[in-house]
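Input: a single structure, listed below in structure tokens.
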Amino acid sequence: MSDSSSEVRLTSEMKIHDDVTIDRLRSILADVSRGAAAEGDHIRGHNFYLDEGARILFAHEHYRDADAMLTHLAEMDQAKVGELMSTVDVLDLRIYGPVNTELRELLEGFGSPRTFEFVSGFTHL
12 MSDSSSEVRL
22 TSEMKIHDDV
32 TIDRLRSILA
42 DVSRGAAAEG
52 DHIRGHNFYL
62 DEGARILFAH
72 EHYRDADAML
82 THLAEMDQAK
92 VGELMSTVDV
102 LDLRIYGPVN
112 TELRELLEGF
122 GSPRTFEFVS
132 GFTHL
């Protein structure tokens, strides 16, 4: 069991544009996921979930801490992320855990994040 107080998680709910095929979206997501997986162990989880009928994409990301998330934002394939962001509108962006000013400012480029302070809990690694 690990102390979770420094971990940062992000969730994002996105509406898929009407002109985007689900096959195209799946291809983009596979590329984004491959790139994130290759970055290293500062990322504890990076997952996408799809409600095809409602055309909603949900992302859940899990990082060791704010610095790890900043590392991810610096290392991610900007072209692929840009391609993904051109296919969706962010409906809801939430950040869980301690966020520094630099991270908050970077995330504001993806929408208007709501932040939640860690209160209690643990993570099994």
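The numbering used here applies: residue 12 is where the sequence shown begins, and numbers increase by one. In this text, a Cβ means the ideal position worked out from N, Cα and C, and glycines have one as well.
C-alpha distance - His-83 paired with Ile-33, whole-angstrom precision:
26 Å
Closest residue to Asn-58 among Glu-119, Arg-66, Asp-42, Gly-64 (Cα-Cα distance)
Asp-42
Which parts of the region 51–99 are runs of the alpha helix (DSSP H), unbroken and 4 residues or longer, counting only runs that do not cross its ends?
77–86, 89–96
When the Cα of Ile-54 is compared with those of Leu-61, Met-80, Val-31, which residue comes out closest?
Met-80
Which of helix, strand or coil does DSSP assign to Ser-44?
helix
Once DSSP output is grouped into helix, strand and coil, what is the label at Asp-34?
helix
In this structure, does DSSP put Phe-129 in helix, strand or coil?
coil
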